[in-house]
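Written below as structure tokens is the structure these notes are about.
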Amino acid sequence: MTTLPPWAERPSRAGAFLKGLVLTLIVASVLFPIYMVVLTSLSTQETVSQAGGLVTVPGELSFAAYEELFAGGVVTRSVLVSLGVTVVGTAISLGVTVLAAYGLSRPGSLLHRPLLFLVLLTFLFGPGLIPNYLLVSSLGLIDTYWSLILPGAVTAFNLVVMRAFFMNIPDEVTDSARIDGASEFRILRRIVLPMSKGVTAVIGLFYAVGYWNSFFNAVLYLNDNAKWPLQVVLRQYVLQGQSLIVGQTGSSTIAGQAPPPSLAIQMAIVVIALLPVLFVYPFVQRHFTKGVIIGAIKG
């Protein structure tokens, strides 16, 4: 009779109920703040005043906060900047990471060990803020969108995880392709990448979320407010309480209604910043176990 380990045994009714209760509480603790933020962004001044802050009970709903934000053009421009930086940055980061990880996963590649040592060394030592700024300034990237992409184009953790996954691919597969005359780039494109869709999707999500949520590089390197991404606009308005610059004719004037409450506008910006991640994550979530965990354990 085979004895299963404790974590593989079927739980009792009490254990199953307790697990379900704990998971329900965890999900509720995540969804309830999002619910309050979305509801507050759709609330009127009267509803916000009655709630005394974030709204938990629905009242009169209005899209005035979103109309006010997009009428001025500041948020629209910042969303486009964030989308452009995220798309271009993720493509560059993922391409460089794939090429570097594949090269470092081949034991016979040129300078394999010294380059791998330099990558691992970045886990222990960082250059610091001032050297980073001096490097970006010397390259002429100040006040350009490239300053938001190139300084953090490759993350050592993502590179190591992808390298570990590439090393799990059987050597017989790549060796047979080499015997047939395939080059390394063709092996990577036709064999390795199709077998690594999971880890590639996960690493791509890591980079995309990092670019979308990044604001420190923009604060540090961008002097032109018109080039600010969405996260900087969110930080300026929500944390520092600075008003957004709207057009001469706001949406509230067009609609002939009272302007939306400032708290509703703040929460509307938070919702706009959350939407892309909430939309993309469910499509990539199923790759996490197959992609990162398997590669990290076996590597």
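Taking this note's numbering, the leading residue of the sequence shown gets 35, the next gets one more, and so forth. Glycine included, each C-beta is placed from N, C-alpha and C at the ideal position. Just so it is clear, the structure is predicted and the values come from calculations on it, not from any experiment.
- Contact annotation, L73 with V89: C-beta distance approximately 5 Å; criterion of less than 8 Å satisfied.
- Taking the C-beta atoms as reference points, T131 is found nearer than 8 Å to V188.
- In this structure the stretch 147-155 does not touch the stretch 245-258; the number of beta carbon pairs closer than 8 Å is below three.
- Between P294 and S96, the CB-CB gap stays under 8 Å.
- Shown here, L256 sits in coil according to DSSP, grouped into three states, outside any helix or strand.
- A distance of 8 Å or more separates the beta carbons of L128 and Y271.
- Going by DSSP, F159 is part of no alpha helix (DSSP H) at all; its letter is neither H nor E.
- As far as DSSP is concerned, L150 takes part in no beta bridge.
- In the same chain as I225, and ignoring 5 residues on each side of it, the C-beta atoms closer than 7 Å to its own belong to V207, T208 and A211, in chain order.
- Taking one beta carbon from each stretch, the stretch 222-239 and the stretch 159-169 have fewer than 3 pairs nearer than 8 Å; the two do not touch.
- Cβ-Cβ distances below 7 Å link V170 to I176, S181, P185 and Y255 in the same chain, with the five nearest sequence neighbours on each side left out; the list follows chain order.
- Between V119 and Y179, the gap from beta carbon to beta carbon is short of 8 Å.
- In the DSSP annotation of this structure, L88 is not part of any alpha helix (DSSP H), being labelled neither H nor E.
- Taking C-beta atoms under 8 Å as the contact rule, L103 and I303 qualify, at a distance of about 7 Å.
- Boundaries cannot be given for A187, as no alpha helix (DSSP H) includes it and DSSP labels it neither H nor E.
- Per DSSP, reduced to three states, the secondary structure at L145 is coil, with no helix or strand assignment.
- Bounds of the alpha helix (DSSP H) holding G238 are K231 to N247.
- Less than 8 Å divides the Cβ of A298 from the Cβ of S77.
- Rounded to the nearest whole angstrom, the C-alpha separation of G215 and F157 is 38 Å.
- A check of alpha carbon separations from F219 across A98, A135 and L52 identifies A135 as the nearest.
- Approximately 7 Å separates the beta-carbon atoms of V195 and I237; this is inside 8 Å, confirming the contact.
- Pairing M201 with N251, the inter-Cα distance amounts to about 34 Å.
- By alpha-carbon distance to V121, the top candidate from W262, D205 and P310 is P310.
- Here the C-alpha atom of L59 lies approximately 51 Å from the C-alpha atom of G142.
- Under the three-state reduction of DSSP, S77 is assigned to strand.
- Contact check for V305 against L239 fails: the beta carbons are separated by 8 Å or more.
- Checking the DSSP bridge columns, you'll see L227 has no partner listed.
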